[in-house]
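Residue numbers (the working numbering), protein chains in the order written: chain A, 9 to 715; chain B, 9 to 715. No residue lacks a Cβ here, since even glycine has one placed at the ideal position from N, Cα and C. Predicted model, so just to flag it, every value in this text is computed and none were measured. Report on the following structure.
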């Protein structure tokens with residue numbers, strides 16, 4: 009879908025198909041809103057029942073229109089919408105918003121009708137928005153092309169543009185953010201069932217739209233989710249922040265998959281991976297949209313995550329520290345030099361440690377603010393400042409704002425303010441801050457949260473720079489693809505591990521045998537003790553079939569174990585295809601982890617990493633990334649799990665070979681990309697991570713080809 | 009401290025000591041605020057410099073006052089505050105607020121001066137508030153006895169009373185909640201360094217104060233934290249909700265303790281335990297105070313945690329579901345009967361599942377709302393309703409509010425509304441809701457969060473009822489106390505476990521021996537294989553000393569192991585006091601957990617439970633409760649840890665003996681109470697939880713007496 013959406017948001021003419029003289033109904037509202045908000049283009053209501061509506065000439069049909077409108081609003085019953093859309097197509101209309109409901113959301117006939125709509129749009133290469141949506145509002149161009157309560161009000165144009173899959177709620181967000189939060193929107197569109205122009209298409213448009221500074225998006229689910237990473241990274245490259253609100257975590261149905269990786273990789277895990285990999289900022293409430301938009305407006309990005317807190321109230325300093333630390337920032341010690349400077353400035357009953365408490369003494373000496381701010385800004389350990397002014401108001405507030413703005417104008421470190429005075433009591437002060445785009449918040453919690461969002465975005469930019477310098481891993485093993493096409497059943501351990509070895513991933517030394525004598529010979533070659541396991545695509549649960557023996561330590565024992573395993577396997581499933589018995593080295597001293605691939609129908613291949621056993625399965629302490637991942641991202645994945653301390657040598661253990669582990673993650677991700685047309689799921693469980701310098705070894709593996 | 013604080017909040021007369029004619033300064037403000045807000049009692053400024061201030065007669069000294077004031081405000085320099093307090097004491101003044109700074113917060117001389125203040129207050133049995141605080145504001149009685157920006161404004165009186173340890177920030181909360189949030193406060197006080205009347209004293213007062221319906225508290229740290237549980241439970245018994253904002257999580261210093269329990273039991277863990285055990289609701293921002301206060305005003309408590317969601321916008325329904333589920337509520341299936349009823353009401357393109365989507369069809373048929381609400385309310389699977397009205401406004405909004413209030417008046421199930429219309433566009437509708445105390449919120453997230461707070465409070469009430477019906481475990485083992493007084497060093501495993509056995513907690517079968525021959529005999533008695541460990545109060549880390557042998561399985565091996573252990577122990581520490589070698593059964597098939605006691609200097613004894621090893625130590629997946637705990641609370645502790653599935657039989661394992669485990673937690677808590685004057689720390693690590701019906705066994709234990 010590559011329509012120029014600039015024309016959609018700024019149509020020179022609009023046809024309103026099914027317009028009604030009953031201006032309060034859904035079909036009556038759009039024309040009313042366009043007229044009352046002074047739409048500057050040409051309007052063509054279409055309805056054979058009327059001569060005119062609101063003094064605008066009404067046409068009997070689309071064919072009868074005197075020109076081809078840039079945009080058509082389709083407001084008629086779903087049963088006739090396709091017919092109207094076709095007429096629009098014939099007329100050469102480029103964009104149509106279908107407001108009508110009664111499509112896939114009702115099932116049955118609705119699904120067919122929706123397919124028909126999509127087919128018509130494709131036939132005429134029309135950009136279709138909806139169906140089942142509430143339209144578009146371009147505040148910057150006075151285009152109020154939709155219905156709903158919020159359309160009755162006029163909106164100031166700002167620099168935030170938003171696309172929402174929910175109509176009613178999406179417009180509520182814009183309304184509250186703009187009217188109560190003072191954050192103004194530029195272009196706002198709802199996409200409903202989204203059969204044509206998609207959420208990501210609109211985001212691409214906003215990235216290119218010079219007037220948009222911040223992009224907001226409300227997502228229920230993306231049908232073209234595989235594009236999310238690329239689109240997000242393009243926005244990151246343009247330094248245009250995307251605030252994403254993703255809902256639907258609790259309603260998604262459970263999936264039944266063979267591997268842990270696929271079971272744990274629910275939609276939300278992959279959305280979050282894509283968000284993280286492309287610097288998209290997650291929001292969780294309307295207030296976040298407001299607060300973060302203000303944060304990004306400041307135009308400054310912290311160089312690191314170290315924040316100095318300056319407060320006039322000790323209690324709020326503690327609160328701000330909590331909030332910053334909880335959200336991944338550091339509240340570092342100030343340098344000795346700064347502390348010395350502060351000793352001369354801050355009263356004895358204040359605090360010259362971070363958080364710096366200048367106390368209510370500012371009532372007596374205003375210059376305290378400026379001198380403290382300057383000293384702290386000059387500290388090389390400080391990347392950003394959060395200052396708390398409690399409820400200071402009136403003239404005092406104004407004078408403090410003068411001090412702050414004077415300093416802020418001369419630094420590239422962000423200064424954020426928590427200032428609880430109500431608007432009417434600090435109007436002059438707030439106006440000074442707003443003029444310099446200095447973000448200020450009523451609560452220290454909101455302030456800390458917003459600063460952390462900015463800081464996290466800055467960190468994403470730094471990570472992205474690092475990533476772009478790295479080599480993206482690429483592997484080709486063409487022979488495997490051929491095998492995967494042929495062997496479409498679950499691959500047993502030995503063959504799955506041979507595939508891993510093909511991609512350079514360490515595996516246990518092992519030999520597949522079909523006689524007891526060969527088993528003994530294999531065990532001698534590998535060295536005692538060994539492990540014996542049956543190999544059969546029909547017996548994925550080898551232990552359950554009593555077809556695994558650990559720590560077998562003599563020739564006699566191996567021969568006995570071989571016979572027993574074969575007997576048990578046959579008893580377990582008489583017609584199982586037995587490939588043989590795998591004789592394998594016993595791995596000692598490794599930490600058990602799990603590394604896997606899920607090939608999501610929407611996102612494509614993703615990699616999962618976690619500690620083995622309960623950590624992944626019970627605690628869900630795992631990290632996901634969309635493939636491919638570079639080395640630095642693999643390290644992030646390892647760091648991200650709560651149990652990562654175990655790999656670094658917690659509880660007196662030797663540190664594990666994290667370097668080799670990261671290498672394995674990178675290779676598995678390259679394998680996932682190489683095999684994305686053929687591989688459904690892969691679990692390496694356990695992947696033994698040996699002590700530093702000794703590498704990793706896949707202890708067992710499960711590989712599921714695509715059907 | 010048992011002062012009648014009613015008199016403090018409603019003094020008949022107030023002395024303002026150190027009052028200044030410079031009305032903008034800290035010492036000038038209080039008299040100004042009292043006068044300008046029409047304080048109805050008698051005012052006595054005290055300052056030898058003036059004849060009068062603001063037309064009020066000024067006195068040269070406290071002695072010169074014509075009567076004993078009920079309350080004194082002390083606004084003079086810290087160096088002279090004690091002297092003034094003494095004069096107040098001699099005059100018979102019952103309450104004094106010391107505003108002055110320069111006490112413990114500056115250290116050194118300040119600490120001494122603070123002690124002096126406390127001594128004077130004690131001598132005259134005066135209720136002292138502060139020092140280093142911003143005073144009190146009783147909106148219900150027009151007593152504005154403090155300083156700061158917020159005192160320049162008048163406040164409507166409401167039903168929320170608050171005590172805050174932070175002055176500036178505490179008043180900011182009141183100001184924003186009242187003016188922007190519409191939640192009005194009754195009595196508000198700040199306690200600063202809190203050397204006299206404490207936060208908990210004020211909470212006790214608010215519990216008894218008939219005009220207070222909701223109590224809010226901002227806590228940095230309680231010096232009388234041991235009272236928190238009792239005070240919280242008294243509030244719970246009176247059904248008076250406490251909203252607690254506890255800060256200072258990230259700044260608390262790390263403690264170095266011998267046991268994991270004490271290391272993990274930082275202040276915040278114990279505060280949260282006390283909150284949970286007494287139904288205190290934690291808040292995290294100003295908006296929570298506003299939102300939850302509104303929730304509690306509704307006067308209805310859900311009977312369970314099952315919420316039905318009704319929405320006019322599908323998208324917001326998903327969002328609300330996410331929020332409710334994330335906060336521990338259920339969004340259950342509606343009964344077949346309800347679904348049938350809804351099928352006849354809700355349009356085909358809506359949803360008759362929970363969340364129920366009535367769609368924008370309400371524009372055409374308003375009765376949809378009433379009929380849907382009634383059908384869902386009648387469902388026995390539903391305990392509360394969250395309804396989402398998007399941005400509906402104007403006359404339509406008013407008509408919908410009429411429908412909702414008519415239904416709400418006739419049900420005892422709470423109905424909460426997410427309604428995003430701005431105040432000025434739905435004034436009549438909101439007024440109708442407010443008149444019936446129906447909580448409404450601008451965002452579905454806030455609405456879900458507030459309903460979950462109410463639901464969680466109702467659950468606390470139910471839990472408390474259950475607890476009150478249970479037997480509180482009590483154990484007395486007087487002999488142990490005598491031993492603990494004598495043996496003040498760390499107890500070695502065997503003696504620690506004997507103490508556990510005294511309280512009826514299962515331990516491994518074991519025999520302490522001092523010769524190799526006795527070891528062999530012991531092993532035969534216990535049955536092979538056995539474990540051998542050195543026992544010495546000087547060797548807490550037995551493995552490090554190479555003085556542990558596992559799985560010893562023959563007479564010869566036992567004798568050899570005995571000699572080796574003794575040799576290694578002596579090599580490890582030549583002068584170690586060796587109590588002998590412990591011969592112990594090998595426990596098989598149990599799940600390793602950790603159960604411990606920390607005897608906190610502020611809170612008293614608390615119990616900790618978690619899974620063993622990395623779960624507790626690396627992931628900090630543990631639960632705490634203040635002792636004693638009853639059986640139902642012990643079960644909660646087990647359920648609360650993320651790894652609890654392991655005990656219930658995750659990954660195909662047999663379910664563990666949870667009943668016996670809960671019993672052990674109860675007994676350990678009784679032990680903690682019995683020994684609270686003598687015991688500092690206790691770790692049972694591991695505590696083996698055997699399969700169902702087989703009990704628990706302490707595998708090792710560490711007991712640290714109080715010094």
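- Message: On the criterion of 16 or more Cβ atoms from any shown chain inside 10 Å, does residue 296(A) qualify as buried, or is it exposed?
- Response: buried
- Message: Less than 6 Å between C-beta atoms, sequence neighbours within five positions excluded: which residues of the same chain meet that for residue 563(B)?
- Response: 528
- Own chain residues within Cβ distance below 7 Å of residue 515(B), not counting five before or after: 505, 508, 509, 705, 706
- Task: Could you pull the start and end residues of the alpha helix (DSSP H) that residue 468(A) belongs to?
- Result: 452-477
- Query: With burial defined as no fewer than 16 other Cβ atoms inside 10 Å of the residue's Cβ, what is the status of residue 133(A): buried or exposed?
  - Reply: exposed
- With 7 Å set as the bound, which would you pick, yes or no: does the beta-carbon of residue 401(A) sit closer than that to a beta-carbon of chain B? yes
- Message: On a Cα-Cα basis, can you pick out the residue from 446(B), 404(B), 234(B), 185(B) that is closest to residue 33(A)?
- Response: 404(B)
- Message: Buried or exposed, going by whether 16 or more other CB atoms sit within 10 Å of the CB of residue 713(B)?
- Response: buried
- Message: Check whether chain B comes within 7 Å of residue 354(A), counting only Cβ atoms and requiring the distance to be less than that.
- Response: no
- Does residue 7(B) get closer than 7 Å to chain A when you measure Cβ to Cβ? Absent from the structure is residue 7(B), since the part of chain B shown begins at 9 and ends at 715.
- Query: Mind pulling the chain A residues with CB within less than 8 Å of residue 323(B)?
  - Reply: 172, 173, 174, 175, 176, 177, 178, 226, 228, 255
- Count the other CB atoms within 10 Å of the CB of residue 490(A); is the residue buried (16 or more) or exposed (fewer)? exposed
- Message: Could you check whether the Cβ of residue 669(B) sits closer than 7 Å to any Cβ belonging to chain A?
- Response: no
- Task: Determine, using beta carbons only, whether residue 309(B) and residue 467(B) come nearer to each other than 7 Å.
- Result: no
- Rounded Cβ spacing between residue 175(A) and residue 141(A) (contact assumed at less than 8 Å): 5 Å
- What do you get for residue 715(A), buried or exposed, if any count of 16 or more other CB atoms within 10 angstroms of its CB means buried? exposed
- Item | Cutoff 7 Å: residue 204(B) Cβ touching any chain A Cβ | no
- Please look up how many angstroms separate the CB atoms of residue 700(B) and residue 647(B), rounded, as I've assumed it's under 8 Å. At roughly 16 Å, the Cβ-Cβ gap does not stay under 8 Å, so residue 700(B) and residue 647(B) are not in contact.
- By the criterion of Cβ-Cβ separation under 7 Å, what are the contact partners of residue 429(B) in chain A? 157
- Query: Going by the beta-carbon positions, is the gap between residue 474(B) and residue 394(B) smaller than 7 Å?
  - Reply: no
- Terminal residues of the continuous beta strand (DSSP E) containing residue 486(B)? Segment 486-494 is the alpha helix (DSSP H) holding residue 486(B); no beta strand (DSSP E) there.
- Task: Would you identify the three-state DSSP class for residue 65(B), choosing helix, strand or coil?
- Result: strand
- Out of 595(A), 614(A), 667(A), point me to the one whose CA is closest to residue 689(A)'s CA. 614(A)
- Message: Just to confirm before moving on: does the CB-CB distance between residue 93(A) and residue 35(A) stay below 7 Å?
- Response: no
- Query: Residues in the stretch 646-663 of chain B with C-beta within 8 Å of chain A's C-beta atoms, listed in sequence order?
  - Reply: 650, 651, 653, 654, 658, 659
- What is the C-beta distance between residue 159(A) and residue 46(A), in whole angstroms, given that I count them as a contact (C-beta under 8 Å)? About 13 Å separates the two Cβ atoms, so there is no contact after all.
- Item | residue 430(B): first and last residue of the uninterrupted alpha helix (DSSP H) it sits in | Neither: residue 430(B) is in no alpha helix (DSSP H) and is coded neither H nor E.
- Message: residue 315(A) and residue 398(A) - do their beta-carbons sit closer together than 7 Å?
- Response: no
- Item | Beta-bridge partners of residue 78(B), as assigned by DSSP | None; residue 78(B) has no bridge partner.
- Just the chain A side, please: which residues come within less than 7 Å of residue 626(B) by C-beta, in chain order? 651, 653, 654, 658
- Go through its chain and collect everything with a Cβ distance to residue 347(B)'s Cβ below 8 Å, but skip five positions before and after it. 360, 361
- Message: Here's the rule: buried if 16 or more other CB atoms are within 10 angstroms of the residue's CB, otherwise exposed. What is residue 552(A)?
- Response: exposed
- Query: At least one CB of chain B closer than 7 Å to the CB of residue 550(A): is that the case?
  - Reply: no
- Query: In chain A, which residues lie less than 9 Å from residue 44(B) when you measure between Cβ atoms?
  - Reply: Per Cβ cutoff of 9 Å: no residues; residue 44(B) is ~15 Å from chain A at best.
- Task: Could you round the C-beta distance between residue 89(A) and residue 56(A) to whole angstroms and report it? I think they count as a contact, below 8 Å.
- Result: Not really, about 16 Å apart at Cβ, beyond 8 Å.
- Query: Candidates 549(B), 590(B), 545(B), 578(B): which alpha carbon is nearest residue 567(B)'s?
  - Reply: 590(B)
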